[in-house]
Every structure is written in C-alpha cells, then in structure tokens.
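Working notes, beginning with the structure itself.
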Amino acid sequence: MLLDTKIHLLICLIFFPLGQEDYDRLRPLSYPQTDVFLVCFSVVSPSSFENVKEKWVPEITHHCPKTPFLLVGTQIDLRDDPSTIEKLAKNKQKPITPETAEKLARDLKAVKYVECSALTQRGLKNVFDEAILAALEPPETQPKRKCCIF
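Here it is, written out as structure tokens:
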C-alpha cells in the first residue's frame, strides 16, 4: 500500500458485532469514533447479501452518517465450488456476482466493493489496504447548494 510522505500512526481495532436481534440495542454503542466500517456478506449466502441493505447499512448510516464504509464480499473461494453451487441451486439461488455486489455498493454509496477469501487469503490484504485508505482519506461530501430566487 502506498501512502504519501506524511507519517501516520495507525491503530487498528477490529470489532465483530453480534448480529442477533438480542444485541440490536447494544451494538450501536460500539460505533462512535469508528473511522471506517467493513460491511461483510458471504458471496454464497444470498440472505447475508440481503441483510446488507435491509439491516447493516441502514444501521451504520443511522448512527454514523458521515463514516465511510466498504462493502466486502467474503468466501469468494466458494463461488465456483461445485457442491456449494449445487446446494444453492436446490433453493433456486446462485452465488452473488461481483457485478451485482458492485451495483449494490454504488446504490448504497459505499466507498468501494472489495472481495476476499480468508481460506485462500485472496484479496485479503486489499480489503485492509482499502479500509485504511478510506479511513485516512474519507470521501469529500459536496456542499449543499443554496437556492437563490430573484
């Protein structure tokens, strides 16, 4: 990862919030002062992909509207796995494609869509590089234009 010549002290604390409904009221207490969120879903779990737009992004944007987030597809090693594809097909489902996830990332205003596999470590470094960049260089927001009527 390339950064400019400025020296940055980076302390990385990774927190995995519990997704169960029992923790819905407690989870947001861990959000203040977060520099970047990694909103993860499994590319072989359509329900986890749905939870991104139905639960996770609404929650973090409600509590931290100015904090950038990345959309992260996980388990990409299983996207082409024949037994995984067969299991999904039995439920009339398919793995989430990169194009579908990229569209959701744009629609939800994520900084970027990235993918990784913890098993093979493919894309894993890139996820954290992009998270660091998003935290150090948050996207600039356009100032609201004022309406002048003469």
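When the letters of the sequence shown are read in order and numbered with mature numbering (1 follows the signal peptide of the UniProt record, and there is no 0), they come out as residues -21 to -1, 1 to 129. Even for Gly, the Cβ is constructed at its ideal location relative to N, Cα and C. Every value quoted in this text rests on a predicted model; they were computed, and no experiment measured them.
In this model, Pro74 and Leu115 are separated by some 32 Å (Cα to Cα). When DSSP reads this structure, Gly52 sits in a beta bridge with Phe20, Glu94.
In the three-state scheme derived from DSSP, where H, G and I count as helix and E and B as strand, Arg58 is classed as coil. Of Phe107, Ala113, Phe16, the smallest CA-CA separation from Cys43 is found for Phe16.
Judged by beta-carbon spacing, Val90 lies within the 8 Å limit of Phe48, meaning their Cβ atoms are closer than that value. Between Ser21 and Thr46 the beta-carbon gap is near 23 Å, outside 8 Å, which marks them as no contact. Counting the other Cβ atoms within 10 Å of the Cβ of Leu83 gives 16 or more, which makes it buried. For the pair Pro37 and Gln72, the CB atoms are not nearer than the 8 Å cut-off. The Cβ atoms of Val23 and Leu50 lie no closer than 8 Å to each other. Taking Thr76 as reference, the option from Thr40, Leu57, Asn30 with the minimal CA-CA separation is Leu57.
The three-state secondary structure of Arg85, taken from DSSP, is helix.
Membership of Val106 in the alpha helix (DSSP H) is indicated by the continuous run 103 to 115. Nearest to Lys32 by alpha-carbon distance, out of Thr79, Phe107, Ala110, is Thr79. Between the alpha carbons of Ser62 and Gly102 lies a distance of about 23 Å.
Taking C-beta atoms as the reference points, Ile64 and Ser96 fail to come closer than 8 Å.
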